[in-house]
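Asker: Once you know that position 48 of the sequence shown is 49 in this note's numbering, the rest is easy, because the numbers rise by one and skip nothing.
Every residue, glycine too, gets a C-beta built ideally from N, C-alpha and C.
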Amino acid sequence: MKKGTEQTYDFATADFNAVYRGGELLGDAGITRAPWDIGEAQPGVIEFERLGRIRGDVLDAGCGLGDNSIFLASRGYRVTAVDAASAAIEQATERAGGADIEFAVADATALTGFEGRFDTVLDSALFHTLDADGRRRYAAALHRAARPGAWLDMLCFAAVPGGMPEPLSVPQETVRQVLEEAGWSVTELRRTVYWGVAEVTLGFLAKTGTQVEIDDRGRTQLPVWSVLAERT
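(1) Please report the straight-line C-alpha distance between Ile-71 and Cys-64, rounded to a whole angstrom.
(2) Starting from Asp-134 and walking both ways along the alpha helix (DSSP H), at which residues does that stretch end?
(3) Along the chain, which unbroken stretches of the alpha helix (DSSP H) at least 4 residues long are found entirely within the region 148-192?
(4) Assuming contact is defined by CB atoms lying nearer than 8 Å, are Arg-76 and Asp-58 in contact in what I supplied?
(5) What runs of the beta strand (DSSP E), each 3 residues or longer, lie entirely inside the region 87-129?
(6) Could you name the residues of the same chain whose beta carbon sits closer than 6 Å to that of Arg-56, not counting the 5 residues immediately before and after it, in chain order?
(7) Helix, strand or coil for Asp-29 per DSSP?
(8) Taking 8 Å as the threshold (C-beta atoms), are Gly-164 and Pro-224 in contact?
(9) Would you mind stating whether Val-20 and Ala-35 have Cβ atoms separated by less than 8 Å?
(10) Starting from Val-225, trace the beta strand (DSSP E) both ways and give me its first and last residue.
(11) Which residue spans inside the region 50-87 form an unbroken alpha helix (DSSP H) run of at least 4?
(12) Ile-39 bridges to which residues according to DSSP?
(13) Count the other CB atoms within 10 Å of the CB of Ala-97; is the residue buried (16 or more) or exposed (fewer)?
(14) Among Arg-51, Ala-199, Leu-153 and Ala-207, which one has its Cα closest to the Cα of Gly-219?
(15) Is it buried or exposed for Asp-68, if we count other Cβ within 10 angstroms and need 16 for buried?
(16) Might you give, ordered along the chain, the residues of its own chain that have their beta carbon closer than 6 Å to the beta carbon of Leu-180, omitting 5 neighbours on each side?
(17) Let me check you understand the geometry: is the CB of Asp-38 closer than 7 Å to at least one non-hydrogen atom of the ligand ADP?
(18) Going along the chain, which residues of its own chain have a beta-carbon closer than 6 Å to the beta-carbon of Glu-214, five neighbours each way excluded?
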């Protein structure tokens with residue numbers, strides 16, 4: 002769909018296995034490498050840990066190449082990392098190098114077999130990749146996988162000026178509504194940034210009409226919601 006010279010893309014139609022194997026992620030978007038593969042944990046995830054928002058058994062939903070899971074495991078947490086893309090899990094397992102992490106291929110909108118297991122749920126940029134129905138099913142699946150009183154820590158592309166266009170970003174009212182309807186109580190929602198690999202993302206961002214800052218390490222910084230919630 003085009004609006005003027007801008008083009009929008011829907012991650013719900015993306016082939017994530019393809020991009021992890023060096024193929025095309027989104028039609029003619031020009032993304033043939035995971036743009037979120039910065040080789041280390043996202044700063045927002047590090048901040049969650051610094052704030053004491055990680056405890057007990059941790060689920061990393063949509064773990065991708067596993068850098069956030071590896072970081073949390075190195076800090077002594079018991080981590081289960083799932084992703085629907087088998088190629089991501091294969092590469093994350095190799096990247097983890099024997100770290101004590103349980104990796105599994107799983108549909109995050111169902112999480113069958115993971116019911117009632119987790120004290121902390123981490124979502125680093127999965128929620129916004131789903132369509133409206135997928136987001137509702139996902140929030141409900143996370144609720145089923147979490148124990149009573151569990152925490153949810155989420156990073157989600159923010160629908161704000163200078164950010165990703167919708168549907169690749171989400172208004173804060175939608176985030177609140179979807180989570181609260183699934184039984185999560187949102188305790189904090191604020192803006193922070195999400196890092197990407199500039200050499201991979203700049204062409205794609207130009208097609209969407211998005212202009213972003215690039216730091217001295219060649220990384221894009223896109224606005225995201227940092228969401229804290231509790232299972233009720």
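Answerer: For this structure:
(1) Each residue's alpha carbon lies about 10 Å from the other.
(2) Here the alpha helix (DSSP H) through Asp-134 covers 133-146.
(3) Whole alpha helix (DSSP H) segments, 4+ residues: 173-182.
(4) Going by C-beta atoms, Arg-76 is not nearer than 8 Å to Asp-58.
(5) As summarised for the region 87-129, the continuous beta strand (DSSP E) elements at least 3 residues long and confined to that stretch are 102-106 and 119-125, given in chain order.
(6) Beyond the five residues adjoining it in sequence on each side, Arg-56 comes within less than 6 Å, by CB distance, of Asp-120 and Thr-121 in the same chain, given in chain order.
(7) In this predicted model, Asp-29 has a pLDDT of only 48, less than 50, meaning its place in the structure is not dependable; the value taken from the coordinates is given anyway. Here DSSP, grouped into helix, strand and coil, assigns Asp-29 to coil.
(8) In this structure, Gly-164 lies closer than 8 Å to Pro-224 by Cβ.
(9) Less than 8 Å separates the beta-carbon of Val-20 from that of Ala-35.
(10) That run of the beta strand (DSSP E) goes 220-232.
(11) Runs of the alpha helix (DSSP H) inside the region 50-87: 68-75.
(12) Looking at the DSSP output, Ile-39 bridges to nothing.
(13) When all chains shown are included, Ala-97 counts as buried.
(14) Checking every option, the nearest Cα to that of Gly-219 belongs to Ala-199.
(15) Here Asp-68 is buried, its C-beta having at least 16 other C-beta atoms within 10 Å.
(16) Around Leu-180, the same chain offers Ala-140, Val-187 and Ala-230 as residues with beta carbons nearer than 6 Å, after the five sequence neighbours per side are excluded.
(17) Absence of the ligand ADP from the depicted structure is noted, as is the absence of any ligand whatsoever, leaving it without description.
(18) The residues are Gln-222.
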